[in-house]
């Protein structure tokens with residue numbers, strides 16, 4: 030974790046917790062949580078409030094490497110995309126991170142996710158050459 034305040038970029042902390050390569054990161058819109066995903070099939074939720082970056086929870090549910098993630102603009106939903114061709118929707122409201130739903134429809138790995146600015150649309154990109 031690098032300190033970007035005043036553009037000094039000093040190292041604050043190194044986070045350890047995944048057992049394989051980390052593939053993506055996303056801060057919650059309020060900046061209080063950092064989520065990371067990995068080839069170890071997990072999502073780790075880190076406490077970014079007060080810059081402690083302690084591990085809050087490890088989310089499991091994907092059957093293959095997790096490659097992408099995106100918070101909704103209101104911070105109530107976290108979506109993760111995987112090499113298992115699915116997107117998992119997690120309930121990020123109040124930091125509970127319960128699994129809400131698994132989305133399927135791609136025939137190859139999900140490589141990127143994006144929420145619309147109003148939070149009404151989630152787009153997923155896949156190596157199957159489609160956007161859903």
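Residue numbers (the numbering used here): 30 to 161.
In this text, a Cβ means the ideal position worked out from N, Cα and C, and glycines have one as well.
All of these numbers come straight from a predicted model, not from anything done at the bench.
For the beta strand (DSSP E) that residue 70 lies in, which residues bound it at each end? Residue numbering aside, residue 70 sits at position 41 when the chain shown is read from its first letter. Looking at the DSSP string, residue 70 is not in any beta strand (DSSP E), and its letter there is neither H nor E.
Pull up the CB-CB distance for residue 96 and residue 72, whole angstroms please, since I reckon it's below 8 angstroms. As a first step, residue 96 is located in the chain shown; it is residue number 67 there, counting from the start. As a first step, residue 72 is located in the chain shown; it is residue number 43 there, counting from the start. In this structure residue 96 is not in contact with residue 72, their Cβ atoms being roughly 11 angstroms apart against a cut-off of 8 angstroms.
Which same chain residues end up closer than 8 angstroms to residue 119 when comparing Cβ atoms and leaving out the 5 residues on each side of it in sequence? In the chain shown, the residue the question calls residue 119 occupies position 90. In its chain, beyond the 5 residues on either side, 72, 88, 106, 107, 108, 109, 126, 127, 128, 129 have a beta carbon closer than 8 angstroms to the beta carbon of residue 119.
Have a look at 34, 70, 30, 157 and flag the residue whose alpha-carbon is nearest the alpha-carbon of residue 81. Reading the chain shown from its first residue, position 52 is the one you call residue 81. Here the closest residue by C-alpha is 30.
Length of the line joining the Cα atoms of residue 51 and residue 83: What you label residue 51 is simply residue 22 of the chain shown in a count that begins at 1. What you label residue 83 is simply residue 54 of the chain shown in a count that begins at 1. If you take the alpha carbons of residue 51 and residue 83, they lie about 17 angstroms apart.
Label residue 42 either buried or exposed according to how many other C-beta atoms from any shown protein chain fall within 10 Å of its C-beta, with 16 as the threshold for buried. On the chain shown, position 13 is the one that residue 42 refers to. So residue 42 counts as exposed.
Applying the criterion that 16 or more other CB atoms from any shown protein chain within 10 Å of the CB defines a buried residue, is residue 131 buried or exposed? Position 102 of the chain shown, counted from the start, is the residue given in the question as residue 131. It counts as exposed.
Taking 6 angstroms as the limit between beta carbons, can you name the residues of its chain near residue 141, skipping five residues before and five after? Working through the chain shown from its first residue, we reach residue 141 at position 112. Once the five neighbours on either side are set aside, the close Cβ partners of residue 141 are 97, 154.
Identify every residue that forms a DSSP beta bridge with residue 100. As a first step, residue 100 must be located in the chain shown, where it is residue number 71. Here residue 100 is bridged, per DSSP, to 107.
If you count every other CB in all the chains shown that lies within 10 Å of the CB of residue 33, and 16 or more means buried, which is it? As a working mapping, residue 33 is identified with position 4 in the chain shown. Exposure of residue 33 is indicated by the presence of fewer than 16 other C-beta atoms within 10 angstroms of its C-beta.
Rounded straight-line distance, which links the Cα of residue 94 to that of residue 111: Against the chain shown, residue 111 aligns to sequence position 82. Against the chain shown, residue 94 aligns to sequence position 65. So the two alpha carbons sit approximately 6 angstroms from each other.
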